[in-house]
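Please read the structure below before turning to the comments.
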Amino acid sequence: MKILTCSAHLQHLEGILRKSLPISLPVFGAVLNINRGNPGQFEVLVDKWPEFGAVLARPSGEVASGDTGHCRRGHCSWICGTLGVLGLDLGMLGHWEALQLDLWDTGDTGSLGLDLGMMGAGLGYLAHWKQGFGPAPGVRVGSLSPSHVDLLNETWPYGGNARSRRFLAEILGRFPQVCLQDGSGQPLAWVLTDHFGTGTHSYTLPEHRRHGHMQVALTVAAQRAHARGFPTFG
Numbered sequence: 001m002k003i004l005t006c007s008a009h010l011q012h013l014e015g016i017l018r019k020s021l022p023i024s025l026p027v028f029g030a031v032l033n034i035n036r037g038n039p040g041q042f043e044v045l046v047d048k049w050p051e052f053g054a055v056l057a058r059p060s061g062e063v064a065s066g067d068t069g070h071c072r073r074g075h076c077s078w079i080c081g082t083l084g085v086l087g088l089d090l091g092m093l094g095h096w097e098a099l100q101l102d103l104w105d106t107g108d109t110g111s112l113g114l115d116l117g118m119m120g121a122g123l124g125y126l127a128h129w130k131q132g133f134g135p136a137p138g139v140r141v142g143s144l145s146p147s148h149v150d151l152l153n154e155t156w157p158y159g160g161n162a163r164s165r166r167f168l169a170e171i172l173g174r175f176p177q178v179c180l181q182d183g184s185g186q187p188l189a190w191v192l193t194d195h196f197g198t199g200t201h202s203y204t205l206p207e208h209r210r211h212g213h214m215q216v217a218l219t220v221a222a223q224r225a226h227a228r229g230f231p232t233f234g
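Read in order, the letters of the sequence shown are residues 1 to 234 in UniProt numbering.
As C-alpha cells, this is what we get:
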C-alpha cells in the first residue's frame, strides 16, 4: 500500500471521505486529525492513488507484530463498496483495546458503530448552546491536567491497569478534551477524544449526576469540534 504524505493528497482524501459519511466515520476522523497537526502521529495508506479502493489509518511507522508491551492505539480501514470499515489486527488486541476501535459494517445489515463519540455529539447540543445553554451556577468549563490520569483510569470501564493508564495519558496530552469543574477547580464531568476524533472517555462523577453536566460537556465539545471542521450528527 502507498503512504500518503502530500498535504494536497490528504486534503483531497478528506473531501472524498466526507462525502461518504457516516460510513467512513472512523478513518475520516483519523484523517481530520492528521490534516490538523497530526497530534496522534498517525499515517494514512491507500491501495492506489488517486483511484483508491481501500484506506488504512494507523500509527506512523508501525509494522505488524506481536504485543509491543504498551497500549495499542488501533487501526481503522475503509474499503470502498459493501465491505465497509473493518478494524485490523483484532487478534493482537486485548478485549478493551478491541472495543476502543470504531467498527462499522456498511452492508445491508446497517452499521455497528461501537461509539459515535465526538462526531456523534449531535447538532441538538449545538442548538442548545446557541440558545444560551451553559454550565450551572458555580460550575465552569475547564480542562483536565496530567494529574488527573489516575482518576480517568479508575473511572474508565476499560481502565484500571498500567496499559490503559498510558493510553489515557497519551490522549489527554494530545487531543481536545473538556472538563466541567467546581469552584475549587475539581473535575465534575469530562469528555475526552482520541486519534479517530471520537469520544473515548465521557464520565460524570456519581455524586454530581442528574444535574445536566454531561449535556453541557458534550455541547462544548461538539461546538469546539465543529469549529475545527469535525462533523456532528443528530
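Glycine residues also receive a C-beta, built at the ideal position from the N, C-alpha and C atoms.
- Residue environment analysis places Pro187 among the buried positions, since at least 16 neighbouring C-beta atoms fall within 10 angstroms of its C-beta.
- Taking a 10 Å sphere around the C-beta of Pro135, we find 16 or more other C-beta atoms and assign the residue as buried.
- Contact between Asp47 and Ala57 is ruled out by a C-beta separation of about 14 Å, above the 8 Å threshold.
- Taking the Cα positions, Arg18 is about 10 Å away from Val31.
- Ile3 counts as exposed, since fewer than 16 other C-beta atoms from the protein chains shown sit within 10 angstroms of its C-beta.
- In the same chain as Met1, and ignoring 5 residues on each side of it, the C-beta atoms closer than 7 Å to its own belong to Leu45, Val46, Asp47 and Leu56, in chain order.
- Boundaries of the beta strand (DSSP E) harbouring Arg58: Ala54 to Pro59, taken from the DSSP string.
- Straight through space, the alpha carbons of Ala8 and Arg140 are spaced by roughly 40 Å.
- Annotated three-state conformation of Pro187 is strand, per DSSP.
- In the three-state scheme derived from DSSP, where H, G and I count as helix and E and B as strand, Leu152 is classed as helix.
- Beta-bridge annotation (DSSP): Tyr158 is not paired with any residue.
- Ranked by Cα distance from Pro206, the first of Leu152, Gly197 and Ala189 is Ala189.
- For the 8 Å CB-CB criterion, Pro146 and Gly173 form a contact.
- Residue burial is scored here from C-beta neighbours: Gln11 has fewer than 16 other C-beta atoms within 10 angstroms and is therefore classed as exposed.
- C-alpha of Thr155 to C-alpha of Pro50: approximately 44 Å in a straight line.
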